[in-house]
Every structure is written in structure tokens, then in C-alpha cells.
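Chains as they are written, first to last, in my numbering: chain E, 18 to 138; chain G, 2 to 120; chain H, 2 to 99; chain L, 119 to 229.
For each residue, glycine too, the CB sits at the ideal point set by N, CA and C.
Since the structure comes first, as C-alpha cells, the remarks are kept for the end.
Below is the structure:
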């Protein structure tokens with residue numbers, strides 16, 4: 018595809034309570050397959066999507082958290098986390114299952130301004 | 002200007018479908034093109050022809066069909082989300098088609114603006 | 002950028018996060034978010050404080066539907082759906098804070 | 119709902135022949151599914167099938183063909199990390215055929 022755009026996926030919702038996190042991940046993978054410039058932003062409860070140690074047996078639901086670790090293989094390397102959201106939830110970078118760039122709110126805002134398409138689920 | 006619209010919630014449960022419809026109509030009235038509307042998550046329920054609202058309520062599904070017929074709006078239902086929720090070719094309302102998430106990405110690349118409605 | 006918010010700030014942090022994160026520009030309050038721009042609500046002061054940095058637009062049909070049209074805060078700009086479309090045209094990207 | 123019978127045991131499949139319950143997968147079922155696709159399973163085929171199963175186990179998704187090709191090259195050597203090689207083994211596409219034989223979920227046809 019000739020027209021490459023900057024896509025940002027903004028994730029503000031926790032996993033499992035609703036399906037949005039899982040279906041967002043599916044769009045992310047497809048967008049990468051279309052050779053677009055993809056970045057993921059995790060803010061508010063969205064940071065919970067990346068929490069290590071998710072065990073979903075007891076709720077009989079697929080644990081899709083390992084898929085975040087596959088993103089690298091899809092050349093999706095721009096994963097950003099809002100620092101304030103992490104702190105508000107008592108989390109640190111060590112609690113997350115993938116490498117991310119932690120940003121201040123000002124940096125998050127500046128990055129959003131650079132995007133062509135912003136999708137949030 | 003070319004618009005793409007994303008609808009993430011089902012009709013009647015959430016206002017998103019109404020907001021998206023009224024936005025699409027206003028865009029067309031202002032002389033813009035609504036190139037594609039992509040229905041995702043529970044939004045795929047907007048495409049069920051089995052929907053039967055009471056007579057004193059708006060018919061959300063028919064409204065979409067009319068929009069597609071009168072203004073050539075491409076109404077695309079996400080296949081994976083549709084299969085999960087029992088939306089299939091046989092109960093698809095006129096004007097809708099089922100296709101993949103690539104159609105959403107394409108709306109992002111081809112449209113001048115992409116506006117999302119959801120919860 | 003056009004920031005679209007659809008939930009009441011008393012129920013969800015979308016608007017607050019948006020105000021703290023976005024670099025400026027247009028905000029459009031639709032659906033349940035219109036309550037944010039009404040007088041006397043607990044978020045009013047926060048919204049007023051943001052008015053220097055952002056232009057606050059409110060979807061009038063949603064305000065009217067909720068019986069709040071007479072309580073719009075000063076400085077907030079009511080728009081109809083045509084105005085919504087115009088805002089989307091005027092801004093390069095639209096972000097819905099879902 | 120269709121089904122297949124392997125060694126006297128019946129397995130449910132969808133209309134395209136994908137296993138309904140992925141937990142039921144075993145090598146005999148794989149051989150059976152391969153035969154129905156006119157594929158004679160060799161060590162080279164098994165390398166790819168085993169790789170797919172490990173990938174799925176680790177990441178919980180079936181890889182896109184491009185990602186699979188790259189990852190196979192890394193793991194099994196660059197001469198195998200080409201679409202020519204993979205299509206040679208699975209003529210109708212590694213995404214479709216190999217995933218079916220490996221007992222992975224059907225690609226949702228999202229492109």
C-alpha cells in the first residue's frame with residue numbers, strides 16, 4: 018500500500034471486563050500487516066492490559082496478554098505508557114509484560130498531535 | 002472531504018449508533034462524502050435485519066439501509082466480530098456487507114477524517 | 002486536533018485525562034459528556050480553568066435532550082451536528098476518548 | 119457440524135475442516151488433516167507445524183504469514199525463511215493449510 022499513515026491506538030480500558038482490549042489488539046495486528054506506522058498508547062485503566070501474571074483459567078476466557086509479546090515480531094515497537102496512569106494504579110514498569118516507553122502527560126499529548134489516525138476502543 | 006466512521010456499540014443499548022448516524026447525515030448534507038462506515042464490536046448488531054423495534058421508536062437498521070441506498074455509503078461489518086455475535090449473510094440487512102478488519106485500516110488510510118463512536 | 006468526549010466527567014476520567022494530556026485545540030462534548038459544561042456540577046471549575054487552553058464545544062441536541070440547555074456554562078460553544086462536522090473538517094485528526 | 123474419524127475416534131470440525139476443539143489435536147489428527155489437503159507430511163512439514171504450535175502456545179495467536187516466514191528463518195535457517203519454501207510445503211498457503219494441520223484457530227480472514 019502506497020499511503021503510509023501514522024496510526025495510534027489509544028487504550029483506556031482494562032482487559033476482560035469488556036472485549037475492547039482484545040479486539041483492539043486484533044486491529045493493531047492487521048494495521049501492521051498493512052505496513053502502516055503503528056503506535057500503541059496505554060493510559061488510564063488501559064495500563065492494566067500489560068500487567069504481568071494474568072491467569073484467566075478461572076474465568077474460562079482466553080488469556081490474550083501473551084500476544085503483546087508477539088508485537089515485536091510484527092515490527093510494532095512503539096508502545097507507550099502514561100506515567101501518571103501507572104502511578105495512580107500502584108504499578109511500575111517492572112509490573113509490565115513488555116518493554117514500553119513511559120511518558121509524561123505532556124509527552125503523550127505531543128505524540129498524539131503527530132498522528133494521522135487515532136483509534137480508541 | 003472524505004469521511005470514514007467507526008461504530009463500536011450496538012443499536013438501542015448505547016447512543017453511539019444514533020450519534021454516528023446523525024453525524025453521517027450532517028456530513029452528507031454539508032456536501033461531504035461518507036466513504037465507509039465500519040461496524041465493530043457490538044456495533045455489528047446494527048446490521049441485523051431481524052431487528053424489530055416498537056412502532057413508536059426509530060428504526061436504526063432501516064435508517065442505515067436508507068443511507069446506503071441514497072448516498073452510496075459503504076456499510077461494512079467486521080467478520081470476526083459478526084461471527085462471534087451471530088450476524089451472518091442470511092440475517093444481514095440491505096446495504097451492509099461483511100468483510101475483514103482490513104476495511105477499517107483502509108478507511109483510515111483512504112479517508113481524510115476518521116471519526117469513532119462508541120463507549 | 003478535535004478531542005471528542007462522550008462520558009460524564011463525574012463517571013469517567015476521559016475528560017480529565019484529555020484536559021491534562023492534550024496540547025490544546027478543540028474539545029467537543031457529546032452524549033453524556035455534555036453534563037460537564039453545565040453550571041453547578043462538581044467538574045465546572047476544572048472545565049472553566051481549561052477554557053484558556055481549549056475551545057470547549059458542546060453538542061446542543063444532546064444538551065437539550067437531557068434538559069440541560071438552560072444551564073450551559075458561559076464560554077462553552079454550543080454546536081449542532083453541522084457544527085460537529087465543521088469541527089471535524091477544521092481539525093486534521095479526530096480522537097474519541099473512549 | 120461435520121466431523122472426521124481418526125483411529126476410531128471422532129473429532130468435530132467446522133465446514134472448512136478446522137478442528138472445533140483445539141485441545142483435541144494430536145499428531146494422528148494432523149496427519150489426517152494433511153491427507154485431506156493432499157499433503158504428504160515430511161520432517162520439513164513437521165518442523166513448520168511444530169513451530170506454529172510453539173508460537174501459538176507462546177503468543178496465543180497464529181502468526182501472519184510474513185511474521186511466520188521471518189520467524190522460521192530465524193529459528194530454522196534463512197534458506198527456510200522464504201515464502202517459496204513455505205508455499206512449496208503448503209501450496210495453498212502456510213497461513214491457511216499449515217494452521218489447519220497444526221490445530222490452530224482459523225485465521226478470521228481479516229484482510
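With 16 other Cβ atoms within 10 Å as the buried cut-off, status of residue i
i, result
"residue 10/G", "buried"
"residue 18/H", "buried"
"residue 72/G", "exposed"
"residue 195/L", "exposed"
"residue 40/H", "exposed"
"residue 87/G", "exposed"
"residue 123/E", "exposed"
"residue 110/G", "buried"
"residue 21/E", "exposed"
"residue 50/H", "exposed"
"residue 96/E", "buried"
"residue 125/E", "buried"
Length of the line joining the Cα atoms of residue i and residue j
i, j, result
"residue 220/L", "residue 165/L", "11 Å"
"residue 107/G", "residue 124/L", "43 Å"
"residue 174/L", "residue 209/L", "22 Å"
"residue 228/L", "residue 190/L", "Any reading at residue 228/L is ruled out, since the residue's pLDDT is 42, under 50, leaving its predicted position unreliable."
"residue 137/L", "residue 37/E", "26 Å"
"residue 143/L", "residue 128/L", "12 Å"
"residue 219/E", "residue 120/E", "Shown here, chain E extends from 18 to 138; a query on residue 219/E therefore has no answer."
"residue 113/G", "residue 127/E", "21 Å"
"residue 186/L", "residue 85/E", "16 Å"
"residue 94/H", "residue 162/L", "49 Å"
"residue 111/E", "residue 33/E", "22 Å"
"residue 100/G", "residue 184/L", "21 Å"
"residue 90/H", "residue 2/G", "8 Å"
"residue 18/E", "residue 51/E", "Low per-residue confidence applies at residue 18/E: pLDDT is 48, beneath 50, and the placement is therefore not dependable, though the value from the model is reported in the following sentence. Distance between the alpha carbons of residue 18/E and residue 51/E is about 7 Å."
"residue 38/G", "residue 202/L", "38 Å"
"residue 57/H", "residue 72/H", "15 Å"
"residue 40/E", "residue 42/G", "7 Å"
"residue 98/E", "residue 116/E", "10 Å"
"residue 109/E", "residue 91/E", "26 Å"
"residue 60/G", "residue 86/H", "23 Å"
"residue 113/E", "residue 105/G", "29 Å"
"residue 89/G", "residue 179/L", "24 Å"
"residue 197/L", "residue 151/L", "26 Å"
"residue 79/E", "residue 93/G", "28 Å"
Rounded distance between the beta-carbons of residue j and residue i, thought under 8 Å
i, j, result
"residue 81/H", "residue 61/H", "6 Å"
"residue 140/L", "residue 212/L", "Residue 140/L to residue 212/L, Cβ: 18 Å. No contact."
"residue 98/H", "residue 5/H", "7 Å"
"residue 30/E", "residue 62/E", "6 Å"
"residue 26/E", "residue 45/E", "6 Å"
Residue i beta carbon near the ligand FMN (any heavy atom closer than 8 Å)
i, result
"residue 81/G", "This structure lacks the ligand FMN; in fact it carries no ligand of any kind."
Contact set between residue i and chain G, taken where Cβ atoms lie within less than 9 Å
i, result
"residue 22/E", "109 and 110"
"residue 128/E", "Per Cβ cutoff of 9 Å: no residues; residue 128/E is ~17 Å from chain G at best."
Per-residue contacts from residue i into chain E (C-beta, under 7 Å)
i, result
"residue 21/H", "122"
"residue 18/H", "60 and 61"
"residue 189/L", "90"
"residue 2/H", "129 and 130"
"residue 21/G", "Within 7 Å Cβ-Cβ: nothing; residue 21/G doesn't reach chain E, min ~15 Å."
Boundaries (first-last residue) of the beta strand (DSSP E) holding residue i
i, result
"residue 79/H", "78-80"
"residue 126/E", "Here residue 126/E belongs to no beta strand (DSSP E); instead the alpha helix (DSSP H) covers 122-130."
"residue 129/L", "127-131"
"residue 49/G", "Where residue 49/G is concerned, there is no enclosing beta strand (DSSP E), given that its DSSP letter is neither H nor E."
"residue 28/E", "23-28"
"residue 114/G", "114-118"
"residue 5/G", "3-8"
Contacts of residue i in chain G (Cβ-Cβ under 8 Å)
i, result
"residue 99/H", "9, 117, 119 and 120"
Neighbouring residues, chain E, relative to residue i (Cβ below 9 Å)
i, result
"residue 69/H", "Those within 9 Å of residue 69/H in chain E number zero; the least Cβ separation is about 25 Å."
Residue i: first and last residue of the uninterrupted alpha helix (DSSP H) it sits in
i, result
"residue 19/H", "15-22"
"residue 98/H", "Unbroken run through residue 98/H: none, as it is neither H nor E."
"residue 167/L", "161-177"
"residue 63/G", "61-72"
"residue 24/G", "17-30"
"residue 63/H", "61-66"
"residue 45/H", "45-51"
"residue 48/E", "37-50"
"residue 85/E", "Run containing residue 85/E: none; DSSP gives neither H nor E here."
Interface residues of chain L facing residue i [CB-CB closer than 8 Å]
i, result
"residue 79/E", "178"
"residue 159/E", "In the structure as shown, chain E begins at 18 and stops at 138. Residue 159/E is therefore absent and cannot be evaluated."
Contact list for residue i against chain L, beta-carbon separation under 7 Å
i, result
"residue 83/E", "176, 177 and 178"
Neighbour list for residue i in chain G, Cβ cutoff strictly below 7 Å
i, result
"residue 12/H", "Going along chain G, no residue has its Cβ under 7 Å from residue 12/H, so there is no contact; the nearest lies around 12 Å."
Where residue i meets chain H, residues with beta-carbon distance less than 7 Å
i, result
"residue 16/G", "32"
Partner residues on chain H for residue i, Cβ-Cβ distance less than 9 Å
i, result
"residue 26/E", "Within chain H, no residue comes near residue 26/E; the closest Cβ sits about 11 Å away, beyond 9 Å."
Listed by chain order, chain H residues near residue i by CB distance under 8 Å
i, result
"residue 14/E", "Given a span of 18 to 138 for chain E in the structure shown, any question on residue 14/E remains unanswerable."
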